[in-house]
Amino acid sequence: MLLITTISGSLCVVCVCAILAKVVPDLRASVLTYGKLSETADAPRSKWVSRLAACTVPKSYFAHFYLGGLVFGLYCGIELALLKSQRTERSLGPLLDFLRRWDSSRGSHRVEGWKCLVGLGLMTCHLARRLLECWLVERPSPSARMHLSHYILGFGFYGAMVFGTWLEGVGDLSLWGQDKWQRQPTTGYPILSTVLGIGLFLYVSLHQYRCHSILAALRSNKKNEDGQRYRVPYGDWFEYLVTPHYTCDVLVYVSLCILYQGQSIIMLCGLLWTLVNLSVVASETKEWYIATFPDFPKKRWIMVPGLY
Ligand SMILES: NC(=O)c1ccc[n+]([C@@H]2O[C@H](COP(=O)([O-])OP(=O)(O)OC[C@H]3O[C@@H](n4cnc5c(N)ncnc54)[C@H](OP(=O)(O)O)[C@@H]3O)[C@@H](O)[C@H]2O)c1
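Read in order, the letters of the sequence shown correspond to residues -29 to -1, 1 to 279 in mature numbering (1 follows the signal peptide of the UniProt record, and there is no 0).
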């Protein structure tokens, strides 16, 4: 319960921080924008804001989040497989052993154990795909930077999401043996939600891949002939949206919440963070496109057709 509360609480805190970064001018000028958005960001108004804004790392370090998350996801998979196959105290790996000793089983029966394994599999596939896209598809500009706080947050977020796939069902996998917080018999439509969740996951993963491919195809290694390193993307969901790859990212977490039938609090908080964070960045992106390209199709919605 302690870890579940800590992770969910931290995700809510960072949601508030993202909103503050959007509305507080000094934070907006220092930590909010990254990559191309820094070109049109507000200028720092004081020395400390300039210093804070200067704490950056290359934006291509995004790949590190996915690599770290993927390794952690695979490791969790091994420990959970050991737990499921042997179910003896000695078969526990250090992570589950630590959890069993130091945390209580309360809250870890909310989700069926088998769904945790499906969710962990999907999250691991998501991280693997994103890592491969970073390495093989995307063409990041060497000059694009992101704030150090984003870098640290990225590791924390993907670590939390890997935990979030199984932490609230690990009691159902008998980590604590028989305990007083046992699951009530399943209600609702677990198979239907699983099929819907996996279906949506695959569908939006394909579109996110297409969107990243479209962005990569816009870029040549040298500056484009007209002096722009960036261009207006067209094709796939870019015809309707400014940042369809962000929409897909949010939908990945929606698909996981469908899989868990809304019973995983960590996953709901992860969805909230993704929605808040990417909505903030997406609105900045629209402003950047309009400021940078006079011919940008202004009728495109930011992330959700007809709504936002
Ligand atoms: N779950 C979360 O909280 C979260 C947070 C952030 C990102 N993400 C996901 O990570 C993925 C990447 O995010 P991002 O913020 O890096 O996206 P992004 O800023 O759109 O950049 C993606 C790639 O496309 C390039 N690019 C973007 N716009 C371009 C244009 N108009 N012309 C040419 N190239 C362009 C970027 O170049 P540069 O190298 O120059 O930037 C970068 O290589 C997204 O799918 C997003 O959903 C998730």
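Using N, Cα and C, we set each Cβ at its ideal position, and we do this for glycine too. Computed from a predicted model, the values in this text were never measured in an experiment.
Heavy atom of ligand 1 within 8 Å of residue i beta-carbon
| i | result |
| --- | --- |
| residue 204 | yes |
| residue 172 | no |
| residue 244 | yes |
| residue 252 | yes |
| residue 6 | yes |
| residue 207 | no |
| residue -22 | no |
| residue 30 | yes |
| residue 256 | yes |
| residue 112 | yes |
| residue 118 | no |
| residue 11 | no |
| residue 68 | no |
| residue 128 | yes |
| residue 33 | yes |
| residue 178 | no |
| residue 136 | no |
| residue 220 | yes |
| residue 115 | yes |
| residue 214 | yes |
| residue 142 | no |
| residue 101 | yes |
| residue 200 | yes |
| residue 217 | yes |
| residue 125 | yes |
| residue 228 | no |
Assigned exposure category for residue i - 16 Cβ within 10 Å defines buried
| i | result |
| --- | --- |
| residue 261 | exposed |
| residue 215 | buried |
| residue 210 | exposed |
| residue 49 | exposed |
| residue -28 | exposed |
| residue 198 | Low confidence applies here, because residue 198 scores a pLDDT of 46, under 50, leaving its location unreliable; read the following figure in that light. Under this definition residue 198 is an exposed residue. |
| residue 57 | exposed |
| residue 206 | exposed |
| residue -21 | exposed |
| residue 204 | buried |
| residue -2 | buried |
| residue 277 | exposed |
| residue 220 | buried |
| residue 208 | buried |
| residue 26 | exposed |
| residue 91 | buried |
| residue 128 | buried |
Given residue i as reference, the closest of the options once Cα atoms are compared
| i | options | result |
| --- | --- | --- |
| residue 161 | 85, 127, 122 | 85 |
| residue 237 | 107, 45, 87 | 87 |
| residue 231 | 184, 82, 204 | 82 |
| residue 30 | -1, 114, 251, -23 | 114 |
| residue 69 | 112, 147, 6, 32 | 147 |
| residue -23 | 1, 239, 45, 254 | 239 |
| residue 130 | 72, 112, 44 | 44 |
| residue 55 | 137, 189, 163 | 137 |
| residue 234 | 92, 264, 135 | 135 |
| residue 256 | -8, 159, -26, -19 | -8 |
| residue 33 | 123, 92, 219, 189 | 123 |
| residue 258 | 181, 179, 4 | 4 |
| residue 21 | -5, 265, 202 | -5 |
| residue 42 | 97, 6, 63 | 97 |
| residue 149 | 110, 64, 71, 65 | 71 |
| residue 248 | -25, -10, -26 | -10 |
Closer than 8 Å: residue i CB and nearest ligand 3 heavy atom
| i | result |
| --- | --- |
| residue 189 | Ligand 3 is not part of this structure, which contains only ligand 1. |
Contact with chain B by residue i, beta-carbon distance below 9 Å
| i | result |
| --- | --- |
| residue 44 | Looking at the structure shown, chain B is missing, and only one protein chain is on hand. |
For the segment 137 to 153 and the segment 61 to 77, state whether three or more C-beta atom pairs, one from each stretch, are separated by less than 8 Å.
yes
Any 3 or more C-beta pairs closer than 8 Å across the segment 38 to 46 and the segment 112 to 123
no
With three or more C-beta pairs closer than 8 Å as the rule, is the segment 219 to 229 touching the segment 159 to 179?
yes
Contact between the segment 268 to 277 and the segment 200 to 214 (3+ Cβ pairs under 8 Å):
yes
For the segment 101 to 111 against the segment 9 to 25, do three or more pairs of beta-carbon atoms, one drawn from each stretch, fall closer than 8 Å, so that the two count as touching?
no
With a cut-off of 8 Å, do at least 3 Cβ pairs link the segment 242 to 250 to the segment -17 to -4?
yes
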